[in-house]
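To start, the structure itself, in structure tokens.
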Amino acid sequence: MTDSPTSAKSGFPRSFLRSIDPAVATAFACILVLLLIAATTNPDFLSPEYLLIQLQSASFLAMMSTGMMLVILLGQIDLSLPWIITVGGMMSTAAAGWGPWGPAVAIPVGVLCGVIFGIINGIGVAYLRVPSMIFTLGINAVAQGFMIMRTGGAAPQDMAPDSMHYLATGRFLFGVIPNPVLVWIVVGAVIVFLLRKTVFGRAIYAIGNREAAAYLSGISTQRVVVAVFAISGGLAAFAGTLLAGYSTKAYQGMGDPYLLPAIAAVVLGGTSILGGRGTYIGTVAGVILITLLQSILSVIRIQGIEITEAHRQVVYGIVIVAMLLLYGRGAKVTA
Amino acid sequence: MTDQALPISHGSDWRYRLGEHYGTLLALAVFVIMFAVYALKYPTGFSADMVQTAASKGVLLALVAVAQTFVVLTAGIDLSVGMILVLCNCLASYIVIGSPVMTVLGIVGVLAAGLACGAVNGVIVIYGRLQPIVTTIATGAVFFGIALLLRPQPGGDVNEDLADWMTGQLPGGIPTAAVVLVVIMLVIWVPFRKSMLGRVVYAVGSSEQAAYMSGLHIRRAKFAAYCLSGLLSAIGGIFITFVTYTGEASSANANAYTLNSIAAVVLGGVSLFGGRGSAVGAIFGALIFRTIGDLLFVFDLDPLWQPLFLGVVLLFSVCLGSFRLFRIRNRLELFG
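Those sequence lines, one after another, are chains A and B.
For the first sequence, counting from 1, position 74 maps to 73 in numbering that gives the first Met the number 0; every step adds exactly one.
For the second sequence, counting from 1, position 262 maps to 261 in numbering that gives the first Met the number 0; every step adds exactly one.
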């Protein structure tokens, strides 16, 4: 009887505990363990300034992982992320050179280009029914081709204007919280609202579980898929403008290192790669986890051994597999 | 009764056979047409040297595409094929050298390393029950890290006599690489396809639950698919060492081979949903992918436009499968 829904309502702590996804809880626990292990070698890892800087670099990855999470919730994948990031960065800095209004329209132009590529992705996946893994790969190649074509003959402006630089590195609120973190909070709030309180959000989960059933329930599934890919493209391009603002420059291949971490963050956060299951708080945990892991691996020193990129890659891969084995296992195949 | 219930007789099932090999035959036809156009437009005309240049580039991608095929047939995906290739390239630049005996031992060692990488993927996917796409992303990072440990800077050497022979021509102007590829297919793919193991791989890819219910050894088959994928990637790694004479842990190369292998597999008519297609098709897919680039070259397209054009052609060709949408009678079939 204790398991019946009525008794669960009565006790607040119990219903609260039950609402926690074990995957999300494990991810947050892993973050704490990681920080504690790092703090034993150097207490500075727990200083507020270090943690704020980590949050700042996490917020770039967060923009990409947010879009990727929505796509993965549909049961699809977006492999066009690297070059849409680059499109966002390069188009926004180029737009900044368009006369006096340039800096003002820079970010919207960059995001708009990402949205356009995202819409093409969505049309290919939803209407042409091409598997997303191969269609987005093709869009990635097309986006790369566009950027090489644009920057090869002429040389558009690649320096980020002050407005983008400020958005990516400034600290607007009391001079403490980095601006990208504020942007992340706003974007995150919108996404949580979308997923939990709107028909659109319900439709995303429904399509991820079974698209045919969602269609029969009266959801125009194809439009939802296009919209989600458009959001994913827009967020990837926005991440590109932030990255360009952060490093003051947009360049070819700037998005290449982000595809795998973006997918890994979503999956580590407990979102099923098959779609239909996952929470945004999990993705937040996954993003922080990946960022911390990369940061700690790049500064930690072990006596006698020089830690190189090679060691980092090996540890990074092993840790991801180990964490997934903790809580990301699929169901056994049975009848 | 039982005899009448099985109306399948050899000879009258050509329709089924045609349907089964449709993708492969289409890829073959597209490749032949594209290569004919290329050969006609080639400045010096059709020659042994032209074929050889095309073969060296094509065979490398073809090997990785075959590796990818094994896993894709089980309805999985292996995003670590490029990393295994690079790892084996770095390893080969150390041990495929010296006297003939040493060289052969070295090749065996590299193949064993590739097999081990594939086995690791297989064990994690099958017994760890993690999704192949995430697993191979993570193991790919590990393989690439080991490659970097082996070769922090590009370098190393390889048995040059063997390398020159492998990338050269046989008497009659036939490129050795192409012959080696055919031999590899005859030794690995044909027995695999004819064996019980191969059939189970196709069955798992079509429906894992149905295969389980039929009492097939689905774990053994999936494990074999991942191991063979590692083995073929290792052969690709050895071959790239013969072409470049060095070992280099390049993440750009690794990613390019992984992504191009998926494109080649799809162009070759292998279904990403598993259970349909063949490695022969994947080879022609790889050759098509390489010929697109060559065609852009002979048609004198502005080099700046080439990547864009390659992307558009790739996108267009993967959309060709959408023609099936015209045959759909019920909208529900869309979501199959």
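Glycine residues also receive a C-beta, built at the ideal position from the N, C-alpha and C atoms.
Does the contact criterion of 3 or more C-beta pairs under 8 angstroms hold for the stretch 289-297 of chain A versus the stretch 52-68 of chain A? Proximity of the stretch 289-297 of chain A to the stretch 52-68 of chain A meets the contact definition, three or more beta-carbon pairs being nearer than 8 angstroms.
Is there a C-beta anywhere in chain A that falls below 9 angstroms from the one on B:D2? No answer about B:D2 holds up, because its pLDDT of 46 lies below 50 and its placement is not dependable.
Identity of the residue in A:K196, A:I84 and A:F44 nearest A:Q251 by Cα: Shortest Cα-Cα distance from A:Q251 to any of A:K196, A:I84 and A:F44 involves A:I84.
B:R198, enclosing alpha helix (DSSP H) - first and last residue: Residues M195 to S205.
By a C-beta neighbour count over all protein chains shown, 10 Å radius and 16 as the cutoff for buried, is B:D293 buried or exposed? Buried: at least 16 other Cβ atoms inside 10 Å.
Beta-carbon neighbours of A:A28, restricted to chain B and to distances below 8 angstroms: Neighbourhood of A:A28 in chain B, by CB distance below 8 angstroms: empty, with the nearest CB roughly 19 angstroms away.
Going by beta-carbon coordinates alone, are A:G137 and B:L286 separated by less than 9 angstroms? Remark: C-beta atoms of A:G137 and B:L286 do not approach each other more closely than 9 angstroms.
Between B:A35 and B:A146, which are expected to be in contact by the criterion C-beta below 8 angstroms, what is the C-beta distance as a whole number of angstroms? That pair is no contact at about 39 angstroms.
Residue environment, A:Y315, which counts as buried when at least 16 other CB atoms sit within 10 Å: So A:Y315 ends up on the buried side.
Closest by CA to A:P256, which one among A:P99, A:Q312 and A:F134? Selected option, being the one with the closest Cα: A:Q312.
Could you check how far apart the C-beta atoms of B:A209 and B:T73 are, in whole angstroms? I think they sit under 8 angstroms. Not confirmed; about 14 angstroms, so no contact.
Contacting positions in the stretch 199-211 of chain B - beta carbon closer than 7 angstroms to chain A: Legend: CB atoms of the stretch 199-211 of chain B lying less than 7 angstroms from CB atoms of chain A belong to residues E207, Q208 and Y211.
To be precise: take each residue of the stretch 257-276 of chain A, compare its Cβ to all Cβ atoms of chain B, and keep it if any distance is under 8 angstroms. Which residues remain? Only L259, I262, A263, V266, I272 and L273 from the stretch 257-276 of chain A bring a Cβ to less than 8 angstroms from some Cβ of chain B.
Determine, using beta carbons only, whether B:T43 comes closer than 9 angstroms to chain A. Using a Cβ-Cβ cut-off of 9 angstroms, B:T43 does not count as an interface residue toward chain A, since no Cβ of chain A sits closer than that to its own.
Does any residue of chain B have a CB that is nearer than 9 angstroms to the CB of A:V70? A:V70 does not count as touching chain B.
Please report the straight-line C-alpha distance between B:G276 and B:G105, rounded to a whole angstrom. Taking the straight line joining both Cα atoms gives about 33 angstroms.
Provide the residue(s) that pair with A:L172 in DSSP beta bridges, ordered along the chain. DSSP, once it has assigned bridges, lists A:I176 as partnering A:L172.
Please say whether A:R128 and B:S321 have beta carbons closer to each other than 9 angstroms? For the 9 angstroms CB-CB criterion, B:S321 and A:R128 form a contact.
Given a threshold of 16 other Cβ atoms within 10 Å of its Cβ, counted over all protein chains shown, does A:P130 qualify as buried or as exposed? For A:P130, the number of other beta carbons within 10 angstroms of its own is at least 16, and it is reported as buried.
Short Cβ contact (9 angstroms threshold) for A:I299 with A:A37: Yes.
Since B:L114 contacts B:G229 with CB under 8 angstroms, what's their CB separation in whole angstroms? The Cβ separation is near 5 angstroms, so the contact holds.
Along the chain, where does the alpha helix (DSSP H) containing A:I115 start, and where does it finish? From DSSP, the alpha helix (DSSP H) with A:I115 extends over G101 to A125.
Cβ neighbour criterion (16 or more within 10 Å) applied to B:N120: That one is buried.
Assign A:M163 to one of three DSSP states: helix, strand, or coil. It is helical.
Within 9 angstroms of any Cβ in chain A, is that where the Cβ of B:F298 sits? Proximity of B:F298 to chain A, defined by a Cβ-Cβ separation below 9 angstroms, is not satisfied.
With a cut-off of 8 angstroms, do at least 3 Cβ pairs link the stretch 290-309 of chain B to the stretch 114-124 of chain A? Verdict: no, contact absent.
Output the boundary residues of the alpha helix (DSSP H) element that contains A:W97. Per DSSP, A:W97 belongs to no alpha helix (DSSP H) and is neither H nor E.
First and last residue of the alpha helix (DSSP H) that includes A:V337? In the structure as shown, chain A starts at 0 and stops at 334, and residue 337 of chain A therefore has no counterpart that could be examined.
Below 7 angstroms CB to CB, which residues in the same chain sit around A:P179 once its five sequence neighbours on both sides are set aside? Annotation for A:P179: Q55, S58, F59, A167 and L241 place their beta carbon closer than 7 angstroms to its own, counting only its chain and skipping 5 residues before and after.
List, in chain order, every chain B residue whose beta-carbon is nearer than 7 angstroms to that of A:Y315. What A:Y315 touches in chain B, judged by beta-carbon distance under 7 angstroms, is A140, going in chain order.
Leaving out the 5 sequence neighbours to the left and right, which residues in its chain are closer than 8 angstroms to B:F298 when beta-carbon positions are compared? Within the same chain, Cβ atoms closer than 8 angstroms to the Cβ of B:F298 are found at K40, the five residues on either side in sequence being excluded.
A:Q312 CB to nearest chain B CB: under 9 angstroms? Yes, A:Q312 counts as interfacial toward chain B.
Residue nearest to A:A243 in terms of C-alpha spacing, selected from A:A202, A:S219, A:D161 and A:M322: Per the Cα distances, A:D161.
Does any residue of chain B have a CB that is nearer than 9 angstroms to the CB of A:R209? At least one chain B Cβ lies under 9 angstroms of A:R209.
Assuming B:N158 contacts B:I94 under a Cβ cut-off of 8 angstroms, what Cβ separation, rounded to an integer in Å, is found between them? With 8 angstroms as the limit, B:N158 and B:I94 do not qualify as a contact, their Cβ atoms being about 10 angstroms apart.
Taking buried to mean at least 16 other C-beta atoms within 10 Å of its own C-beta, is B:A47 buried or exposed? So B:A47 counts as exposed.
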